[in-house]
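Written out below as structure tokens is the structure these notes cover.
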Amino acid sequence: MGISSCKPERPQKEDIRLSELHTISGFRTVSDEAATVLAGMLPFFTGHGWYRKYLHRFRHEDTPECSTCPNLDEDSEHVLFKCLRYRDAVGTVSPPEGMVTFMLEGEDNWRNISHLIIGIQRDLRRCKKERRIMKIA
Ligand SMILES: [Zn+2]
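Going by numbering that gives the first Met the number 0, the sequence shown opens with residue 0, and the numbers climb by one from there.
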């Protein structure tokens with residue numbers, strides 16, 4: 000399972016929650032396009048996305064653990080820096096403490112990381128929907 004087939008050029012409507020877009024749009028120093036990209040990445044930085052650890056807090060998942068990595072909670076740091084499921088797609092990403100600096104060093108860095116994060120979140124959402132369907136069936 001990978002995310003290579005779903006790398007977006009920019010976040011799509013379903014990648015963004017309206018509340019996140021409103022939050023980012025509050026900063027009038029960024030363009031609408033930048034606000035859209037930032038809103039798509041906000042769940043990663045806050046951890047309030049389709050991560051099992053977050054969803055488990057609200058009983059939307061049976062376990063906080065990653066379905067690929069036994070005994071490890073699935074949160075934003077796990078999926079980007081440690082998860083075996085996304086290892087090939089992620090490659091070598093700057094460590095968490097240097098990631099934002101790396102993104103700000105160049106447009107390509109910014110685009111590559113943002114596409115990666117949005118692609119992973121899209122895949123996590125797809126996986127969650129599949130688990131829900133399997134649970135109902
Ligand atoms: Zn994992």
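Positions of the beta carbon are idealized from the N, C-alpha and C atoms, including for glycine.
Item to check | Close beta carbons around L123, own chain, < 6 Å, minus the five adjacent residues each side | outcome: W49
Checklist entry - Among residues of its own chain, excluding the 5 on either side of F43, which ones have a beta-carbon nearer than 7 Å to its beta-carbon? => result S75, I116 and Q120
Checklist entry - Do H55 and ligand 1 come close, with the Cβ less than 7 Å from some heavy atom? => result no
Checklist entry - Which residues in the same chain as N70 place their Cβ atom closer than 8 Å to its Cβ, once the five residues preceding and following it in sequence are excluded? => result E64
Checklist entry - So is R84 in contact with chain D if we call contact Cβ pairs under 8 Å? => result Among the protein chains of the structure shown there is no chain D, as only one such chain exists.
Checklist entry - Rounded to whole angstroms, how far is the Cβ of L79 from the Cβ of T67, which I believe are closer than 8 Å? => result Actually they do not touch by this definition, with Cβ atoms about 14 Å apart.
Checklist entry - From T28 to A136, what distance separates their C-alpha atoms? => result 48 Å
Next on the checklist: Using CA atoms only, rank isn't needed, just tell me which of R16, R51 and L37 is closest to W109.
Outcome noted: L37
Checklist entry - Under 8 Å between the Cβ atoms of R51 and E73? => result yes
Checklist entry - Apart from the five residues just before and just after P94, which ones in its own chain have a Cβ nearer than 8 Å to its Cβ? => result F80
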